[in-house]
Amino acid sequence: MIEIHRAAVRLFARQGYAGTGIRDLGREAGINSATLYHYAGGKEEILVAVMAGCLEGMLDGGRRALDHSADPAVQLVRLVRLHVAMEAVNPLTAYVTDREVRALSAANRGSVLALRDDYESMFQQVLERGRRTGQFQIDDLSTTRMALLEMCNGVSNWYRPGGRLSVPEVQDRFADLATRLVGCPPVPPAECGTDLRVAVLDSEPLDRHADEEALA
1 MIEIHRAAVR LFARQGYAGT GIRDLGREAG INSATLYHYA GGKEEILVAV
51 MAGCLEGMLD GGRRALDHSA DPAVQLVRLV RLHVAMEAVN PLTAYVTDRE
101 VRALSAANRG SVLALRDDYE SMFQQVLERG RRTGQFQIDD LSTTRMALLE
151 MCNGVSNWYR PGGRLSVPEV QDRFADLATR LVGCPPVPPA ECGTDLRVAV
201 LDSEPLDRHA DEEALA
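Residues in the sequence shown are numbered from 1 upward in steps of one, following full-length UniProt numbering.
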């Protein structure tokens with residue numbers, strides 16, 4: 001099933017969900033469309049499975065991020081490091097999950113958005129605790145939350161394996177940016193633990209040309 005999902009995200013990222021047919025998916029996965037439908041369902045079912053898998057992985061990682069420490073600064077940095085890792089390691093899946101929600105039917109859109117809201121609420125809760133304890137200097141919680149999430153979401157657009165920065169280096173820099181944004185001292189990486197590895201859902205960088213076409 002993972003190979004079908006990888007084939008799907010390659011096509012959805014390259015040519016968009018609307019521009020991808022079930023036969024395209026079968027060819028990309030190396031099976032006929034009847035076999036594809038039998039094992040993975042229709043095109044929308046595959047998209048929902050890809051999105052749900054991504055978001056459920058983020059939720060699981062987010063819970064681990066929060067359980068590690070009661071310190072809001074450590075929690076925030078761990079959430080940011082987790083999000084950066086997901087975007088860098090799985091750029092196609094992250095891109096499709098972020099961009100193709102509008103393609104879903106109303107019922108499926110609602111279930112996917114509920115998962116996304118649950119994940120994003122973790123950032124909101126940490127920011128609220130940090131402001132309440134005086135560790136964070138935040139005027140507008142919602143704007144700060146959106147800024148942090150958009151900053152992390154953008155990693156899939158530009159990060160390339162073997163480039164100038166490794167994933168841990170990007171995590172370190174984004175963690176520093178996050179603490180600056182909320183007005184608290186940096187959190188040493190040693191305080192953040194080593195349990196934030198993410199599953200490899202895809203292994204290709206996002207194609208810049210495909211991204212430009214999707215935005216056109």
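We put the CB at the ideal spot given by N, CA and C, even for glycine.
Backbone secondary structure at residue i - three-state DSSP
i      : result
Ser105 : coil
Ala88  : helix
Glu191 : helix
Leu47  : helix
Pro185 : coil
Gln125 : helix
Val70  : Checking the sequence, you will find Ala at residue 70 rather than Val. Coil at Ala70, not helix or strand.
Ala199 : coil
Glu100 : coil
Arg160 : coil
Gln75  : helix
Thr93  : helix
Gly30  : coil
Gly134 : coil
Arg208 : Note that Arg208 scores 44 on pLDDT, short of 50, meaning its location in the model is unreliable and no value can be drawn from it.
Residue i: first and last residue of the uninterrupted alpha helix (DSSP H) it sits in
i      : result
Leu148 : 141-153
Gln171 : 167-182
Thr35  : 33-40
Phe12  : 2-15
Ala18  : First-last for Ala18: undefined, no H or E at that position.
Cβ neighbour criterion (16 or more within 10 Å) applied to residue i
i           : result
Thr179      : buried
Thr143      : exposed
Glu100      : buried
residue 217 : The chain is shown from 1 up to 216; residue 217 falls before or after that span and cannot be answered.
Glu150      : exposed
Glu212      : Bear in mind that the predicted position of Glu212 carries a pLDDT of just 33, short of 50, making it unreliable; the figure below should be weighed with that in mind. Glu212 should be labelled exposed.
Leu67       : Reading off the sequence shown, one finds Asp at residue 67, where the question assumed Leu. That one is exposed.
Ala29       : buried
Ala8        : buried
Arg171      : Note that residue 171 is Gln in the sequence shown, not Arg. Its Cβ being crowded by 16 or more others within 10 Å, Gln171 is buried.
Tyr39       : exposed
Ala175      : buried
Ile2        : exposed
Met86       : buried
Gly19       : exposed
Thr93       : buried
Asn32       : exposed
Val200      : exposed
Ala106      : exposed
residue 226 : Because the chain spans 1 through 216 in this model, residue 226 falls outside it and cannot be assessed.
Leu11       : buried
Rounded Cβ spacing between residue i and residue j (contact assumed at less than 8 Å)
i      : j      : result
Val182 : Leu76  : 7 Å
Leu59  : Leu115 : 7 Å
Cys184 : Val74  : 10 Å between Cβ atoms; not a contact.
Near the ligand HEM: residue i beta-carbon under 7 Å from a heavy atom
i     : result
Leu82 : No copy of the ligand HEM occurs in the structure displayed, which carries no ligand at all.
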